[in-house]
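**Q**
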Amino acid sequence: MGVRPRIPVAVLGATGTVGQRFITLLAEHPWFEIRALTASDRSTGKHYKDAVQWMQESPLPSEVASMVLLPTQPDSADGCRLAFSALASSVATEAEIALASAGILVVSNAGSHRMDPDVPLVVPEVNPDHLELATLQKFDRGAILTNPNCSTIGLVLPLKPLDDLFGVEAVHVVTMQALSGAGMPGVPGMRSLDNVVPWIPREEEKVEQETCKILGRLTDTGIDAAPVRVSAACNRVPVLDGHLACVSVSLRKTPPRAELEAAWRSFRGEPQTLALPTAPPLPVIVLEGDDVPQPRLHRGLGGGMAASVGRLRSCPLLDFRFVTLSHNTLRGAAGGALLLAELAVRKGIAGVIGADPRA
């Protein structure tokens with residue numbers, strides 16, 4: 116069977132940090148082709164290259180440089196079956212519903228609909244079955260799918276194999292989150308240099324609530340949240356990319372330490388089984404050493420799509436403690452949403468059929 120034509124997609128909120136990441140990842144994607152870019156009112160009508168403050172390591176892709184930015188509304192995505200949303204939550208709430216109502220599959224990085232009872236909140240290796248929740252949505256051919264908060268993703272990836280094998284009862288997590296997670300223009304220089312800010316608006320609540328939804332059980336009527344107690348403390352630190360988290364966990368069964376490491380090393384999910392284009396070979400990478408993981412050294416592992424873990428040891432308060440790291444704008448944002456879209460395409464969510472001949 117020959118390779119199908121690439122699926123036309125739109126990027127909503129294309130000029131921001133996550134929007135730029137979407138564009139770099141989509142530029143040469145084997146399944147998806149950028150057909151439309153949207154932005155705020157102050158940028159619409161401009162060529163992308165004239166409106167964007169390009170902040171990525173790779174050059175601005177030539178195929179999008181001269182594209183005209185459109186308003187974020189359904190007719191801007193005319194001809195697209197899929198839209199990637201990098202919108203601010205204040206805009207995303209209504210805009211994503213409007214696009215889904217127009218028959219478009221919206222894969223969103225925004226927080227507006229993550230906790231809606233009929234919206235899947237998915238980390239593809241962790242809870243792919245939750246995609247079925249989209250069938251409860253009242254749109255005709257469209258749907259809204261969401262990926263979690265950037266710090267939540269880096270937490271649930273190493274928690275999932277522990278929960279499957281030993282049962283997670285309680286989690287205490289302290290995050291040290293990169294500046295890029297604040298978007299553009301970001302944290303003011305005088306506030307971020309030589310400093311740690313021990314508060315990120317609504318971040319702790321997101322980590323606590325989203326973790327329980329993701330690890331929850333799919334039923335005929337929605338998601339039964341996992342009975343896991345989660346306590347989060349979130350901090351902004353002067354690192355460009357990479358969210359680090361110190362995690363303590365209580366388990367129903369307390370195995371030897373080696374069994375936890377074995378669980379991480381053997382962990383695979385549907386993206387790996389299906390060989391999805393954006394899937395890392397190993398979703399969780401175990402590092403050896405007393406001082407790992409570190410953002411500057413390890414955020415790019417697995418193409419920025421893997422969570423790395425290290426410093427596993429006993430905990431005097433709970434059972435075990437460890438450190439985990441993930442790339443917040445790749446795995447935690449655009450890359451995670453792209454992987455979710457690939458999984459949704461392979462599963463035929465909202466009738467979108469992929470370019471992969473095996474789909």
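Residue numbers (my numbering): 116 to 474.
All C-beta atoms, glycine included, are put in the ideal place defined by N, C-alpha and C.
1. So what's VAL362 in DSSP terms, helix, strand or just coil?
2. With C-beta atoms as the reference, is PRO276 less than 9 Å away from TRP379?
3. Starting from the Cα of ASN262, find the closest Cα among ASP190, ASN242, GLY425 and LEU236 and give me that residue.
4. Which one or two residues does DSSP pair with HIS162 in a beta bridge?
5. Along the chain, which unbroken stretches of the beta strand (DSSP E) at least 3 residues long are found entirely within the stretch 261-338?
6. Just verifying my parser: in three-state terms, what is the DSSP assignment at GLU148?
7. Can you round the beta-carbon distance between ARG461 and LEU389 to whole angstroms, since I take them to be within the 8 Å contact cut?
8. Are the stretch 121-128 and the stretch 138-146 in contact at 8 Å, needing three or more beta carbon pairs?
9. Kindly indicate which three-state DSSP category GLY418 falls into: helix, strand or coil?
10. Where does ALA125 sit, in a helix, a strand or coil, going by DSSP?
11. If we count the other Cβ atoms within 10 Å of its Cβ and call it buried at 16 or more, is GLY466 buried or exposed?
12. What does THR153 pair with, by DSSP beta-bridge criteria?
13. In whole angstroms, what separates the C-alpha of SER266 from that of THR132?
14. Can you pull the DSSP bridge partners for ASN350?
15. Sort VAL424, PRO410, ASP156 and SER223 by Cα distance to LEU294 and report the nearest one.
16. Quick one: give me the first and last residue of the alpha helix (DSSP H) that LEU223 is part of.
17. Could you check which residue in ARG344, GLY384 and GLY304 has the C-alpha nearest to that of VAL288?
18. Which residues mark the beginning and the end of the alpha helix (DSSP H) in which ARG380 is found?
19. Going by DSSP, what residues sit across from ARG428 in a beta bridge?
20. Taking the alpha carbon of PHE199 as the point to measure from, which residue in GLY269, SER177 and PHE137 has its own alpha carbon closest?
21. Which residues bound the alpha helix (DSSP H) around LEU458?
22. Excluding the 5 residues preceding and the 5 following ASN350 in the sequence, name in chain order all residues of the same chain whose CB lies nearer than 6 Å to its CB.
**A** So, to answer that:
1. strand
2. yes
3. LEU236
4. VAL183
5. 283-292
6. strand
7. 6 Å
8. yes
9. helix
10. strand
11. exposed
12. LEU185
13. 16 Å
14. MET291
15. PRO410
16. Position check: residue 223 holds Ser in this sequence, whereas Leu was assumed. Counting along the chain, SER223 falls outside any alpha helix (DSSP H), though it belongs to the beta strand (DSSP E) covering 220-223.
17. ARG344
18. 372-381
19. ARG436
20. PHE137
21. 450-462
22. MET291, VAL311 and PRO313
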